[in-house]
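Novice: Here you go, one structure.
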Amino acid sequence: MYKIDWEKYLSSERLRKEVGSDIAEGDCRGCFESDLRRVAFCPAIRRMHDKTQVIPLSNGDTALTRLTHSMQVMTIAEMLGVSLTRRKEFKDLYGEPQATLYGDYISAILRTASLIHDIGNPPFGHFGEISIQNYFKRYLKSRHIITDEESLDFTEFDGNALGLRIVSKLQYTGTLDGLNLTYATLGAYLKYPNAKRSDAKGYVGCHKHGIFLSERKLFDKIVDSCNLRIDKDHIKRHPLAFLVEAADSICYGVMDIEDGYNMNWYDIDTVVKDLNKFIEDHVEKKALLQKYAVEGSDGKKRFSIEKLIGFEKEWESEGKRYPKDRRRLIFDFRERLVDYLIHVSITSFVDNLEGIDYGTFSDELLYLDEYKVSKALSEFTKKHIISRRDIQQTELTGSSVITGLLNIMLMYSFHEDRKYRKKINAVIAKSRLEELIHEYIHPKHPFNDFEERDELWDFDIEKLSPYAKLRVIVDFIGSMTDKYSVELYQKFSGMKL
Numbered sequence: 004m005y006k007i008d009w010e011k012y013l014s015s016e017r018l019r020k021e022v023g024s025d026i027a028e029g030d031c032r033g034c035f036e037s038d039l040r041r042v043a044f045c046p047a048i049r050r051m052h053d054k055t056q057v058i059p060l061s062n063g064d065t066a067l068t069r070l071t072h073s074m075q076v077m078t079i080a081e082m083l084g085v086s087l088t089r090r091k092e093f094k095d096l097y098g099e100p101q102a103t104l105y106g107d108y109i110s111a112i113l114r115t116a117s118l119i120h121d122i123g124n125p126p127f128g129h130f131g132e133i134s135i136q137n138y139f140k141r142y143l144k145s146r147h148i149i150t151d152e153e154s155l156d157f158t159e160f161d162g163n164a165l166g167l168r169i170v171s172k173l174q175y176t177g178t179l180d181g182l183n184l185t186y187a188t189l190g191a192y193l194k195y196p197n198a199k200r201s202d203a204k205g206y207v208g209c210h211k212h213g214i215f216l217s218e219r220k221l222f223d224k225i226v227d228s229c230n231l232r233i234d235k236d237h238i239k240r241h242p243l244a245f246l247v248e249a250a251d252s253i254c255y256g257v258m259d260i261e262d263g264y265n266m267n268w269y270d271i272d273t274v275v276k277d278l279n280k281f282i283e284d285h286v287e288k289k290a291l292l293q294k295y296a297v298e299g300s301d302g303k304k305r306f307s308i309e310k311l312i313g314f315e316k317e318w319e320s321e322g323k324r325y326p327k328d329r330r331r332l333i334f335d336f337r338e339r340l341v342d343y344l345i346h347v348s349i350t351s352f353v354d355n356l357e358g359i360d361y362g363t364f365s366d367e368l369l370y371l372d373e374y375k376v377s378k379a380l381s382e383f384t385k386k387h388i389i390s391r392r393d394i395q396q397t398e399l400t401g402s403s404v405i406t407g408l409l410n411i412m413l414m415y416s417f418h419e420d421r422k423y424r425k426k427i428n429a430v431i432a433k434s435r436l437e438e439l440i441h442e443y444i445h446p447k448h449p450f451n452d453f454e455e456r457d458e459l460w461d462f463d464i465e466k467l468s469p470y471a472k473l474r475v476i477v478d479f480i481g482s483m484t485d486k487y488s489v490e491l492y493q494k495f496s497g498m499k500l
């Protein structure tokens, strides 16, 4: 097992040093545990209960929300951390006391980074991201109001970048550091530590534009504090970001299928049949398939994912077999799948620690699975869930809502008449407006108190640069829940009073 110098990655520093430090001598557990408390009680986390995971605007109570999904990711990520730090090789490398301490640090960081991993998702999820990107590709093509570098924040808008802005600035309480999380937690959160143009074929951390220009200085501090800088032009992922990504992929890969199952869109036999077919078609080493082959009713032996993950459709008791309840089937299938994918993730992580440490490893941990189970789950979701007419239609509705809100907000923000521009003050949340004025009008003030000022009401958005105007509008719309975005658009467009 390769030995990583974890001290370089587990920085307990924060953007603003606070009075009454939570750092005990030689022990940073209080710092990383404090991060989780700050996140768990913040308003942005509460809003995630009204952002659906895969079935937008669902009226039922069975579909996952971004909040329940993030709680599941948090659980799996912690399991990955425990699996890593309790390995005999890990304890032998670092010694029992230090290994235990690292285990506590890593688990705490993974819990918080996982809980916030979707905090920046806009209304209607990834299709909402695409809607914002495409809107600004058209809008900025005919209006050269900002620089090419600034344009990336909008034409390549990404929820991960907004998430960093939400936790580091937009959870505003009078200072420009938001929740003031430790650099280690923020580093583990950064799935795409890339402030430049996205490069889908390059290093895995550069696949998206993951850092807004407004957070560039903070990003540089995270990078330097957590040993993420390879050289002047190259930044690597934090090692723990790979585990957060794996936990996320495990949960949406498995739980999206369970969502569809609970909606009665298919049965367990359809799931098993389709997964088997994909794996048979895509596994390169056919000898691997024979290891987990079973004999079918026609006498031919075929690969069985049930045998691979140890899933049984029946109970066995005293030599007799009994069929499992429908709900028990999906429960057991999910549990076996999760166990299998956790094993794949941690094995891939340990086998590639040196490349991860040097920034040369550029893959998703689950994609190293020879049986390609994660990819099979993804294909099943595309075929049986994402392609459904009702989901596609709802996403189109979401695109119309986001486009409509952007049209209206931009029209008022750039209007030549001050009376129109002032309407923005009554629409944008008070805390957003306070943060906006502090960040762009009074940036040198360490603390601000707006309680006794008329500045909020009298504020004219015309005082801001074009970039700052676009920034606050996208912050506002991107942070909305699905249902609130629909309600606000209906009000703005006169469909609902």
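Quick note, the numbering used here runs 3 ahead of the 1-based positions in the sequence shown. Glycine included, C-beta positions come from ideal geometry on N, C-alpha and C.
Measuring alpha carbon to alpha carbon, tell me which residue in E152, V286 and L184 is nearest L216.
Specialist: Of E152, V286 and L184, the residue nearest in Cα terms is E152.
Novice: Got a sec? Which residues, its chain only, sit under 8 Å from K172 by beta carbon, not counting five neighbours each side?
Specialist: Cβ neighbours of K172 beyond the five flanking positions: L179, D180, G181, S217, E218, E438 and E442.
Novice: Looking at the secondary structure, which residues open and close the beta strand (DSSP E) in which D234 lies?
Specialist: First-last of the beta strand (DSSP E) with D234: R232 to D234.
Novice: According to the neighbour-count rule (16 or more other Cβ atoms, all chains shown, within 10 Å of its Cβ), is F130 buried or exposed?
Specialist: With 16 or more Cβ atoms within 10 Å of its Cβ, F130 is classed as buried.
Novice: So, for L83: in the same chain, excluding its five sequence neighbours on each side, which residues have a beta-carbon less than 8 Å away from its beta-carbon?
Specialist: L113, L246, A249, A250, I345, S348, I349 and F352, listed in sequence order.
Novice: Let me know if T88 comes out buried or exposed under the rule of 16 or more other beta-carbons within 10 Å of its beta-carbon.
Specialist: Buried: at least 16 other Cβ atoms inside 10 Å.
Novice: Find out if the Cβ-Cβ distance for the pair G123, G401 is shorter than 9 Å.
Specialist: Contact: no.
Novice: Taking the alpha carbon of R240 as the point to measure from, which residue in Y195, T273 and K310 has its own alpha carbon closest?
Specialist: For the residues Y195, T273 and K310, the minimum Cα distance to R240 belongs to Y195.
Novice: List the whole-angstrom C-beta distance separating Q75 from M258, where the pair is believed to meet the contact cut-off of C-beta under 8 Å.
Specialist: Q75 to M258, Cβ: 6 Å. Contact.
Novice: So K486 and F417 are in contact, right, with Cβ under 8 Å, and what is the actual spacing, rounded?
Specialist: Not really, about 28 Å apart at Cβ, beyond 8 Å.
Novice: How would you call F334, buried or exposed, if buried means at least 16 neighbouring beta carbons within 10 angstroms?
Specialist: Classification of F334: exposed, given that the 10 Å Cβ count is below 16.
Novice: If I405 and Y415 are in contact, beta carbons under 8 Å, what's the gap, nearest whole angstrom?
Specialist: Their Cβ separation, rounded to whole angstroms, is 16 Å, which puts I405 and Y415 out of contact at 8 Å.
Novice: Once the 5 residues before and after E132 are set aside, which same chain residues still bring their CB inside 7 Å of it?
Specialist: Around E132: P125, F160, D161 and G162.
Novice: Just mark R200 as buried or exposed, buried being the case when its beta carbon has 16 or more other beta carbons within 10 Å.
Specialist: So R200 ends up on the exposed side.
Novice: Under the three-state reduction of DSSP, which class applies to E367: helix, strand or coil?
Specialist: Coil.
Novice: Looking at the structure shown, is E319 part of a helix, part of a strand, or coil, going by DSSP?
Specialist: If DSSP states are grouped into helix, strand and coil, E319 belongs with the strands.
Novice: Would the C-beta of A47 count as close to the ligand MN, meaning under 8 Å from any of its heavy atoms?
Specialist: Questions concerning the ligand MN fall outside what the structure shown contains, since it holds no ligand whatsoever.
Novice: Could you check what DSSP says for R219 in three-state terms: helix, strand or coil?
Specialist: Correct three-state label for R219: helix.
Novice: To the nearest angstrom, how far is it from the Cα of E28 to the Cα of T103?
Specialist: Confidence in E28 is poor, its pLDDT being 46 and thus under 50, which makes the residue's placement too unreliable to answer from.
Novice: Going by beta-carbon coordinates alone, are T185 and D38 separated by less than 9 Å?
Specialist: For T185 and D38, yes; Cβs fall inside 9 Å.
Novice: Assuming R305 is part of the beta strand (DSSP E), what are its boundary residues?
Specialist: Per DSSP, R305 belongs to the beta strand (DSSP E) from K304 to F306.
Novice: Short check: CB of H52 to CB of T78, under 9 Å?
Specialist: Against a cut-off of 9 Å, the Cβ pair of T78 and H52 comes out as no contact.
Novice: Can you list, in chain order, the residues of its chain with a C-beta nearer than 7 Å to that of I444? Leave out the 5 residues immediately preceding and following it.
Specialist: If we look at I444 and ignore the five residues flanking it on each side, its Cβ neighbours are K466.
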